[in-house]
Amino acid sequence: MTQKILVIEDETTVGLNIKEILESGGFDAIVAADGKIGIQMAKEQLPDLIVCDIMMPDIDGYGVLTALRQDAATATIPFIFLTAKTTRDDVRQGMNLGADDYLTKPFRRKELLDAIASRLAKQAKVKQLQEKIEELQELDRQKDELIWTVSHDLRAPIANIKLIAETLRLISPNAEQQKQYLNILETVCDQGNDLINNLLTWRKLEAAEYTLEYENINLEYWLTGLLEPFEIRTRDRQQIFRIKIPSDLPPFRVDTTGLKRILTELLNNACKYTSSGGKIKFQVIYQPASSAKNPGVMSFIIANEAEIPETDLPHIFEKFYRVTHSDAQFQSGTGLGLAIVQQLVEKLQGTIQAESSSGWTRFTVKLPNLGI
């Protein structure tokens, strides 16, 4: 498709000369005799590039450029000034208004065509980049829509299945084989819920939509409710779960939703990767404030008898990374869990560290006590 160039030039001979040069160069050229007509033609024709003289009656080149840059339809059209004015102030004024190039009279044919070709090539690259950005934005929108749809469609049936399993357990609590199947069913439901929660939390974090709601809590009492399901879970799996929480902890100011997600994810992983008979440890340590500017620090330590391969350890907080394992059941999930944990810890102004050696893996989460 032939590219259209608008020439705005009040000297008829010069305008026709430029038109001939452009047409000989393979362009479709149209000429406006003054600035007012040029503005009108630019808005109607939407040319690929504009060549405009500066010194014109009524509306000069600066006025033309200003008017076009203020209209969304013409704001990005490449604009080249063509004039006899050659002082540095004249050039700076044009560039400050948004001109793309500046040619002085008299000009050679090659200079004009080269300048136009250069600007059109640059504009083509900008357009391609903009199209790619729009494609990515559309993909991002589709991704968000998919996450919400899948999460909504999965949550209800999983909740119903889990309710049925709990009901059956109450009806026949002593049927050992039935109990075994119900345990498997509940585990699958829990995995489905974890998947949904991870997808929704990840989306909120990526879109900067995750909000913190701080509150003061009695940490020892709050942890009792959080840890109780894991005490039952580890007992059913013949795992040894050791808990060490000081009884003299101060009130802890924290976003409880974020803290729950952090500790639950780490404890779920500890239970998942610890074999029957293996040990899991949960410990809280409080370091009092050293000064008004340095708040107290609450440390949460979760350790379990399972080792992360040395090659995997540096990557465990990367999105979608899953630790290699010979058993397929440990390969399930999105690989988002620890990436979400790290982002939540950072939002809570804390740090997280992972160590793995001598058959043990240890995660240490340190969070400031902002209420003290």
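Here the sequence shown is numbered in the numbering used here, starting from 2 and rising by one per residue. Where is the CB? At the ideal position from N, CA and C, for every residue including glycine.
- With contact defined as three or more Cβ pairs closer than 8 Å, the region 104-115 and the region 57-67 are not in contact.
- Under the DSSP assignment, Ala43 falls in the alpha helix (DSSP H) whose first and last residues are Gly36 to Gln46.
- A check of alpha carbon separations from Gly226 across Arg254, Gln239, Thr212 and Leu264 identifies Leu264 as the nearest.
- In the pairwise beta carbon analysis, the region 300-315 is classified as not touching the region 334-347: fewer than three pairs are separated by under 8 Å.
- When the Cα atoms are used, Asn161 and Pro230 turn out to be separated by approximately 20 Å.
- Put simply, the backbone Cα of Ser277 is about 31 Å away from that of Tyr287.
- Taking a C-beta distance under 9 Å as the contact criterion, Asp256 and Glu210 do not qualify as a contact pair.
- A check of alpha carbon separations from Gln124 across Asp49, Met57, Asp54 and Leu114 identifies Asp49 as the nearest.
- When Ser359, Lys205, Ala33 and Glu232 are compared, the shortest CA-CA separation from Ile51 is found for Ala33.
- Burial check for Glu266: the Cβ neighbour count within 10 Å reaches 16 or more, so the residue is buried.
- Residue burial annotation: Gly27 is exposed, with fewer than 16 other C-beta atoms found within 10 angstroms of its C-beta.
- Here the alpha carbon of Ser119 sits roughly 24 Å from the alpha carbon of Met56.
- Take the alpha-carbon of Ala43 and the one of Asp141: they are about 35 Å apart.
- Following the DSSP letters along the chain, one finds Val298 inside the beta strand (DSSP E) bounded by residues Gly297 to Asn305.
- DSSP places Leu50 in the strand class (E or B) of the three-state scheme.
- DSSP places Thr365 in the uninterrupted beta strand (DSSP E) bounded by Trp361 to Asn370.
- It is roughly 12 Å from the alpha-carbon of Glu311 to the alpha-carbon of Trp361.
- Apart from the 5 residues on each side of it in sequence, Leu83 sits with its Cβ closer than 6 Å to the Cβ of Val52, Asp54 and Leu104 in its chain, given in chain order.
- With at least 16 other beta carbons inside 10 angstroms of its own, Phe242 counts as buried.
- Per the C-alpha coordinates, the member of Lys20, Asp195, Ile40 and Lys128 positioned closest to Arg110 is Lys20.
- In the DSSP assignment, Asp29 falls outside any alpha helix (DSSP H) and lies within the beta strand (DSSP E) extending over Asp29 to Ala33.
- Per DSSP, the unbroken alpha helix (DSSP H) holding Phe231 starts and ends at Leu220 to Asp237.
- At the C-beta level, Leu220 and Met299 come within 9 Å of one another.
- Membership of Ala355 in the beta strand (DSSP E) is indicated by the continuous run Thr352 to Ser358.
- In its chain, beyond the 5 residues on either side, Glu214 have a beta carbon closer than 8 Å to the beta carbon of Thr258.
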